[in-house]
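Engineer: Sending over a structure as structure tokens; questions will come in a sec.
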Amino acid sequence: MTNPDLKAVSDGVPVLGLEAKYYNDRELFQRTMEKLFYQNWLLACHSSQVGKTGDFLSLEIFDQDIVITHTREGEIKAFYNVCQHRGHKLVEGIGNRKLLVCPYHAWSYDLEGNLKAAPHSQKVPGFDSAKICLTEIRLQNFLGFIFINLDPDCASMDETYPGIREEMLSLCADVEQRQYAYHHTADEGCNWFVAVENYNECYHCGPCHPSFAKGVIDPASYSIEAYGEIEVLHHTSKPSSSDDAWYDVSGADYGSFFLWPASSIQFYPGGVVNSFSWRPLAVDDVRVYRTFYSNNGEVDETLQKVIDNDRETTFQEDLDIVKEVQRGINSRGYKPGPLVLNPEGGINNEGPIQKLHEWLRAAVD
Ligand code: FES
Ligand SMILES: [Fe+2]
445 MTNPDLKAVS
455 DGVPVLGLEA
465 KYYNDRELFQ
475 RTMEKLFYQN
485 WLLACHSSQV
495 GKTGDFLSLE
505 IFDQDIVITH
515 TREGEIKAFY
525 NVCQHRGHKL
535 VEGIGNRKLL
545 VCPYHAWSYD
555 LEGNLKAAPH
565 SQKVPGFDSA
575 KICLTEIRLQ
585 NFLGFIFINL
595 DPDCASMDET
605 YPGIREEMLS
615 LCADVEQRQY
625 AYHHTADEGC
635 NWFVAVENYN
645 ECYHCGPCHP
655 SFAKGVIDPA
665 SYSIEAYGEI
675 EVLHHTSKPS
685 SSDDAWYDVS
695 GADYGSFFLW
705 PASSIQFYPG
715 GVVNSFSWRP
725 LAVDDVRVYR
735 TFYSNNGEVD
745 ETLQKVIDND
755 RETTFQEDLD
765 IVKEVQRGIN
775 SRGYKPGPLV
785 LNPEGGINNE
795 GPIQKLHEWL
805 RAAVD
């Protein structure tokens, strides 16, 4: 089978980047939300963040408010976070309650989404509270990570990303024992796709991430490849062998699984589990959730060092980059340039960018 990447290179026909509209057109952005973000699995939180009966956690996927709950039966469920009376947002933030009470007229729901009380409704002929419940959303617990999909007819996580569960377990056999330890967020000031592209190539790691390239990974062995025919990019590397490693990186290799369109579960060497979830705010802004996990939910000295180093170096460096790229794409001088498709793969290769372009265009063109 001819690899299209290699064919393009051998034909001497450069593959160009995308036109600006994919990053800054409002109508195309709206289509992207409908075709991608409302029809694909997205990392919402970790099961340990809603670990007890009554726990709830709210989040937003662009203009859709969602709440995750832990029911009395011990199930984790997801609902649109919207009251079934006249549409007020039901709850804010995170917490633990027996009932979710709407702040507008005080209708209350149990954690299974059933309406339990609606003040004065008993005077209304035919009012049947048993028929009223929150609108449920597909949810899956995938190795402890809670994914949601706004498409009620979607395929399961394992059908969508076959083989990934096994790959993760082979890298970190006890990943399911991990618990949420810490997260921080940033509004990146760019279109979500600028951030996702930037995450999925390490051609910029040499010039932009000297600390990461020594502290975590081994650049000579780093590679990002599509995982078979599915919409996953698999980042792999041996651990850093530098004296500047951030911590004792012996043990399991580095691996990261970018699950199209906007989630990544990442294993730093030795099983330091962390994740990214990108949630668009507007055509030119996206909030990234950067989350770290540990065995007991505590941040120990090593994890603190990883969090601090990442936040001060790689994470901040990427924030600076993506803002400038968005500004550049909006420039009247922007023209899509040729991708660096390196037939040898490795760290200096924009093959994964070409894949992302294919997947985006298949959804929105
Ligand atoms: S909108 Fe929620 S109680 Fe009225
Ligand atoms: Fe980067």
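Per our numbering, residue 445 is the first one in the sequence shown, and the count goes up by one each step.
Beta carbons are placed, not taken as given, at the ideal position from N, Cα and C, and that holds for glycine.
(1) Indicate whether Leu578 and Ile592 have their beta-carbon atoms separated by less than 9 Å.
(2) Drop a sphere of 10 angstroms on the beta-carbon of Arg805, count the other beta-carbons inside from all chains shown, and report buried for 16 or more, exposed for fewer.
(3) Under 9 Å between the Cβ atoms of Tyr643 and Ile791?
(4) Between the alpha carbons of Asp597 and Pro654, how many angstroms are there, rounded?
(5) With burial defined as no fewer than 16 other Cβ atoms inside 10 Å of the residue's Cβ, what is the status of Gly695: buried or exposed?
(6) Jot down the residue ranges of each uninterrupted beta strand (DSSP E) in the stretch 662-696, minimum 3 residues, whole runs only, in chain order.
(7) Flag this pair as yes or no: are the beta carbons of Glu768 and Val784 separated by less than 9 Å?
(8) Please report the residue range of the beta strand (DSSP E) in which Thr513 lies.
(9) Are there any heavy atoms of ligand 2 lying less than 8 Å away from the beta-carbon of Ile773, as far as the coordinates show?
(10) I need the DSSP call for Pro448, collapsed to helix, strand or coil.
(11) Since I believe Leu613 is in contact with Lys799 (beta carbons under 8 Å), could you give me their beta-carbon distance rounded to a whole number of angstroms?
(12) Out of curiosity, what's the CA-to-CA distance linking Gly557 and Asp499?
(13) What does the alpha-carbon distance come out to for the pair Ala788 and Ala664?
(14) Given a cut-off of 9 Å, decide if Arg516 and Leu543 are closer than it, judged by their beta-carbon atoms.
Structural biologist: Inspection of the coordinates gives the following:
(1) Along the sequence shown, one-based indexing puts residue 578 at 134. Along the sequence shown, one-based indexing puts residue 592 at 148. Not closer than 9 Å, so no.
(2) As a working mapping, residue 805 is identified with position 361 in the sequence shown. Flag for Arg805 reads exposed.
(3) Numbered from its first residue, the sequence shown carries residue 643 at position 199. Numbered from its first residue, the sequence shown carries residue 791 at position 347. In this structure, Ile791 does not lie closer than 9 Å to Tyr643 by Cβ.
(4) The residue labelled residue 597 in the question sits at position 153 within the sequence shown. The residue labelled residue 654 in the question sits at position 210 within the sequence shown. In a straight line, the C-alpha of Asp597 is about 44 Å away from that of Pro654.
(5) Taking the sequence shown and counting its residues from 1, the one referred to as residue 695 is at position 251. By the 10 Å Cβ count, Gly695 comes out exposed.
(6) 667-670, 676-681
(7) Within the sequence shown, numbered from 1, the residue matching residue 768 stands at position 324. Within the sequence shown, numbered from 1, the residue matching residue 784 stands at position 340. Going by C-beta atoms, Glu768 is not nearer than 9 Å to Val784.
(8) Mapped onto the sequence shown, residue 513 falls at position 69. Where Thr513 is concerned, the enclosing beta strand (DSSP E) starts and stops at 508-514.
(9) Stepping through the sequence shown from its first residue, residue 773 is reached at position 329. Ile773 has its Cβ no nearer than 8 Å to any heavy atom of ligand 2.
(10) Sequence index remark: in the sequence shown, residue 448 carries index 4 (1-based). Any answer about Pro448 is weak, because its pLDDT of 49 lies below 50 and its placement is not dependable; what the coordinates show is given next. In the structure shown, Pro448 sits in a helix (DSSP, three-state: H, G or I).
(11) Position 355 of the sequence shown holds residue 799. Position 169 of the sequence shown holds residue 613. In fact, because the Cβ distance is near 24 Å, the residues do not count as touching under 8 Å.
(12) As a working note, residue 557 is residue 113 in the sequence shown. As a working note, residue 499 is residue 55 in the sequence shown. Their backbone Cα atoms lie some 13 Å apart in a straight line.
(13) To locate residue 788, count along the sequence shown from 1; it is residue 344. To locate residue 664, count along the sequence shown from 1; it is residue 220. Here the sequence assigns Glu to residue 788, which means Ala is not the residue at that position. In a straight line, the C-alpha of Glu788 is about 12 Å away from that of Ala664.
(14) Sequence index remark: in the sequence shown, residue 543 carries index 99 (1-based). Sequence index remark: in the sequence shown, residue 516 carries index 72 (1-based). No. Outside cutoff.
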